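In UniProt numbering, the protein residues as written are 228 to 545.
The structure under discussion appears below in the form of structure tokens.
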Ligand code: XIL
């Protein structure tokens, strides 16, 4: 896939989210990665809860091992992620922020985390999600009032971005969000947030559009809408990464394949689109908790038990 994309867009990394476990233990899976992808995003290994389980304690082993794998295969790495409500360790979530004194202490702890982590990875990441999913879960345009917000106020992305820049001035910075893939209020809010962050001294290069398509009836992404979206961010001087694309096969493999191809083709056609990433490689390792709380296997990726799906064929044609 990377080689095919390079024919029209030699600059465009085609990546996948990857976990170390299957990569290290399953040779077929590792081969698929080498064969198809030129970049990877650690699926969970660089989230705060993975990197710092206790205050002042850092566990870099898994993330470092993934970086070693990527580097040995010449793959670029996108870091994921610094400020993310859902994936903070308990100590971070529960930092007291009631008084000014509390907030001074939580500011120190949070900035210490950013500096330690970004300094550790400096020079090895091409790009990084400095803020992930800033807005209320699933929809809406209100910022989640996490510990970053409670410590620094609504302009906390400025603080995160500047701290990242101080530790690694070369890493490209992104704010990543779901449900902002097509024009609408949530996309407007994301654009406003990034513009304001940069006006106030931040260093954000662009946005990540997750492009999770769980229901083709309600969240399908059309070529027109995505092209308009890319134009909008491009006109604002921002880049766009398609950061976590996956598509349900509930409406059949053909509809799934078509949706995948639409997103990639549109990305290939716009210089504003600077990365295309699928959220996983093989359905074998793709599990989710459904509405009834049951653990179910996903069927939304490019391989199923080592076999290419029609979605992969469609991407190759795109
Ligand atoms: C998901 C991982 O894929 C799961 O393994 C984990 O249990 C929960 O997080 N948006 C994001 C990603 O930005 O970090 C999420 O990753 C999927 C949704």
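Quick reminder that beta carbons are idealized off the backbone N, C-alpha and C, glycines included.
Owing to the predicted nature of the structure, the values given are computational and were not obtained by experimental measurement.
Asked, Found
"Cβ pair residue 322, residue 338 closer than 9 Å", "no"
"heavy atom of the ligand XIL below 8 Å from residue 311 C-beta", "yes"
"Nearest neighbour of residue 375, chosen from 494, 294, 275 [CA to CA]", "275"
"Those runs of the alpha helix (DSSP H) which lie wholly inside the region 468-514 and span at least 4 residues", "480-495"
"One or two residues paired with residue 269 in a DSSP bridge", "245"
"C-beta contact flag for residue 493 and residue 447 at 9 Å", "no"
"Extent of the continuous beta strand (DSSP E) run through residue 427", "Run containing residue 427: none; DSSP gives neither H nor E here."
"The region 345-356 / the region 316-336 touching (three or more Cβ pairs under 8 Å)", "no"
"Element boundaries [beta strand (DSSP E), containing residue 523]", "522-524"
"Continuous beta strand (DSSP E) stretch holding residue 355: start and end", "354-359"
"Any non-hydrogen atom of the ligand XIL closer than 8 Å to residue 526 Cβ", "no"
"Buried or exposed (CB count within 10 angstroms, at least 16 for buried), residue 412", "exposed"
"Residue 507 CB to nearest heavy atom of the ligand XIL below 8 Å", "yes"
"Check: residue 439 C-beta below 8 Å from any heavy atom of the ligand XIL", "yes"
"Where residue 384 falls: helix, strand or coil (DSSP)", "helix"
"Touch test, the region 529-544 against the region 456-469, Cβ-Cβ under 8 Å, three pairs minimum", "no"
"Three CB pairs or more closer than 8 Å across the region 310-322 and the region 389-397", "no"
"Status (buried if at least 16 other CB within 10 Å, exposed otherwise) for residue 230", "exposed"
"Where residue 306 sits in the DSSP three-state scheme", "strand"
"Buried or exposed (CB count within 10 angstroms, at least 16 for buried), residue 282", "exposed"
"Host alpha helix (DSSP H) of residue 404 (start-end)", "First-last for residue 404: 399-404, but that is the beta strand (DSSP E), not the alpha helix (DSSP H)."
"Beta-ladder partner(s) of residue 452, from DSSP", "Answer by DSSP bridge pairing: none, since residue 452 is not bridged."
"Check whether residue 487 and residue 501 have beta carbons under 9 Å apart", "no"
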